RNA sequence: GCCCCCGUAGCUCAGUUGGAUAGAGCAUCGGUUUCCUAAACCGAGGGUCAGAGGUUCGAGUCCUCUCGGGGGCGCCA
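Numbering (the working numbering), first residue to last: 818 to 1394.
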């Protein structure tokens, strides 16, 4: 409806320009729902945009525009000039009610679009290395990535969810060494480092303690889960592994155990990945070697101090980077470039990498390297999200990754459940810091907890239906809703709001910003809940059968939008609570 | 020192890609109601949009500078 109106306006503006002898292109003008309802259903700024080109006052042009627009094919019932030259437009009364019919006919397809037309898109997110349980920051990324994927699917894209994990390199060696150290400690063959030395990097680190060697790495992983993995190995293998290197069985055991737990956590969040991609496979398949070769051909690779560098300054960046260390081991950057080459090879039209703010600096280097390789860097898009803090009683809960005193996703989930978790994690725009208010999240009162507020609004539509059935009234079929009977201001406002859903979903997809959906749902629920509650003025189930059918139709429409919106956020839409 | 993000009500945050009188939740204070879900609904107060310039019909939004917070600037990932 908005498109049709905008089109009419563009054409009218074109006629105005040509009449004034201006053959230039017609500028695209805004046709937006204004903040204030008194300003009409839509407002257009076209007159002000054209003022300079036509060298006439905007209000005069606005009048011409209205004349030219006529009744716009019956779409518009009223048009007014306002303020500096806005044209406020009111749609013909039955247009909104008509919207209700088309919404109901679309049903659960309402709000879908084919913008993506089956284009393959990859969303890569979480990608945490299997060195420990998921932290709240990973949790945010998991929800953000999954919601972006859902939004893209809703827009018709063929989405692949991918998890890239780094299972080579130093971190994994340290992980294996940490487990082995705990293994030896538990067998009485090594001493645990003193607490104060673990907590404070400036404390002395003893070689031996009570006659036993201290083998735990200085930068080892300190979480309790490390000891549990070690204990598991003792239970199964006894002392048979004392001569096994940390890099071997210990590393493997830790990786597989931790990774299984991560997948379990993701599953509890309702997230399924299509592909788990291991960095190691890039080496096994020769992709890393291939990439070095290709980079060398760009002429931007050189050797210095025994390391292999790439001249990124020639690509407009502020410094050079090492791609292969003097030890012969590639840096993180190299397999990352190889990984993106591999992604491109899989034919994705677009590759979206969701990453934490600490990776912000890396994006440009990957893109520059791809460009140097003759690949289109615009096919990669980075979505960076800021960090998460937890607060309670107005105070921030202190967390430290190194000391493993951070709150895990699992711990949080055991308190608040996946739906609350998801909503809280997706309520902020990615580039804002996110303060997770534990007290509000734990709140059971549905009027206070924003997640329950949305879900209850949905459950209420079912509550009304149950009540209707009890009274022998059925929900009306989509084509049998006498929508013209819905003429209360709050009903029209609600219908108008429901009509925004497709635009909101599409915009959220295009801007990779699921929080828009969360805010929109709050608005819908914020209109719907009071409407239902205010039964003194208007019950849903009335003596008037026709009016009741109309209001049940509205109930159904609200249910569709809330159900679809909750689904875009990956939240359950319960029928009762 | 350089780069990126953020700064909006007491608190946590939105702000439709530059539109009209800047919004929501929580908290606070008042009023109504006892219901299709466990109490809900209505209303009020609260703002120099960090600050200063600039761009233009029009700036919370774009540009420059300053201040404050976070992140990054490694042959870590």
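Note that the Cβ used here is the ideal one computed from N, Cα and C, for glycine as well. Remember, predicted model here, so these are calculated numbers, not experimental data.
- Contact between residue 1201 and residue 1172 holds: their C-beta atoms lie close to 6 angstroms from each other, under 8 angstroms.
- Non-local beta-carbon contacts of residue 1141 in its own chain, meaning distances under 6 angstroms to residues more than five positions away in sequence, involve 1125 and 1147 in chain order.
- DSSP assignment within the region 1055 to 1092 yields the following whole alpha helix (DSSP H) runs of 4 residues or more, N-terminal first: 1068 to 1085.
- In the DSSP assignment, residue 975 falls within the unbroken beta strand (DSSP E) covering 975 to 982.
- Taken through DSSP and simplified to helix, strand or coil, residue 1124 comes out as strand.
- Closest option to residue 873, judged by alpha-carbon separation, among 896, 834 and 848: 834.
- In the displayed model, residue 844 falls within coil according to three-state DSSP, outside both helix and strand.
- Residue 939 has 977 and 1168 as its beta-bridge partners, per DSSP.
- For residue 899, the three-state secondary structure derived from DSSP is strand.
- Residue ranges of uninterrupted alpha helix (DSSP H) with 4 or more members, entirely inside the region 1323 to 1372 and ordered along the chain, are 1332 to 1350.
- Between residue 1008 and the set 1087, 985 and 1034, the nearest pair of CA atoms involves 1034.
- Annotation: the continuous alpha helix (DSSP H) that includes residue 955 extends over 953 to 971.
- Residue 1010 and residue 1022 have their alpha carbons spaced roughly 7 angstroms apart.
- With a contact defined as Cβ atoms closer than 8 angstroms, residue 1383 and residue 1303 miss out at about 24 angstroms.
- The distance from the Cβ of residue 1307 to that of residue 1348 is about 5 angstroms, consistent with a contact at the 8 angstroms cut-off.
- Residue pairing from DSSP places residue 1254 in a beta bridge opposite 1208.
- If you draw a straight line from the Cα of residue 824 to the Cα of residue 1276, it is about 39 angstroms long.
- Pairing residue 1088 with residue 943 gives a Cβ-Cβ distance under 9 angstroms.
- Membership of residue 1392 in any beta strand (DSSP E) is not indicated, and neither H nor E is assigned to it by DSSP.
- The straight-line gap separating the alpha-carbon atoms of residue 1193 and residue 959 is approximately 27 angstroms.
- In the three-state reduction of the DSSP assignment, residue 1224 falls in the coil class, being assigned neither a helical nor a strand state.
- Closest by C-alpha distance to residue 1363, out of 976, 1138, 1301 and 928, is 1301.
- When beta bridges are read from the DSSP output, residue 1025 appears opposite 1030.
- Taking each of 1205, 1185 and 1098 in turn and checking the Cα distance to residue 1159, the smallest one comes out for 1098.
- Taken through DSSP and simplified to helix, strand or coil, residue 1119 comes out as strand.
- In this structure, residue 999 places its C-beta atom within 9 angstroms of the C-beta atom of residue 1047.
- Judged by DSSP in its simplified three-state form, residue 873 adopts coil rather than helix or strand.
- Judged by DSSP secondary structure, residue 1138 falls outside any alpha helix (DSSP H) and instead within the beta strand (DSSP E) spanning 1138 to 1141.
- DSSP, reduced to helix, strand and coil, places residue 908 within a strand of the structure shown.
- Beta-bridge annotation (DSSP): residue 1299 is not paired with any residue.
- Its chain contains 960, 961, 964, 1331, 1332, 1335 and 1386 as the residues whose beta carbon lies nearer than 7 angstroms to that of residue 1243, once the 5 sequence neighbours on both sides are disregarded; these appear in chain order.
- Annotation for residue 1199: no alpha helix (DSSP H) segment contains it, though the beta strand (DSSP E) segment containing it runs 1197 to 1202.
- A distance below 7 angstroms between beta-carbons, with the five flanking residues on each side excluded, links residue 849 to the following residues of its chain, in chain order: 859 and 860.
- Of the candidates 930, 1189 and 902, 930 places its Cα closest to the Cα of residue 1325.
- About 6 angstroms separates the beta carbons of residue 1377 and residue 924, which is inside the 8 angstroms limit, making them a contact pair.
- Apart from sequence neighbours up to five positions away, the residues of its chain that approach residue 1108 with a beta-carbon distance below 7 angstroms are 1151, 1154, 1155 and 1158, ordered along the chain.
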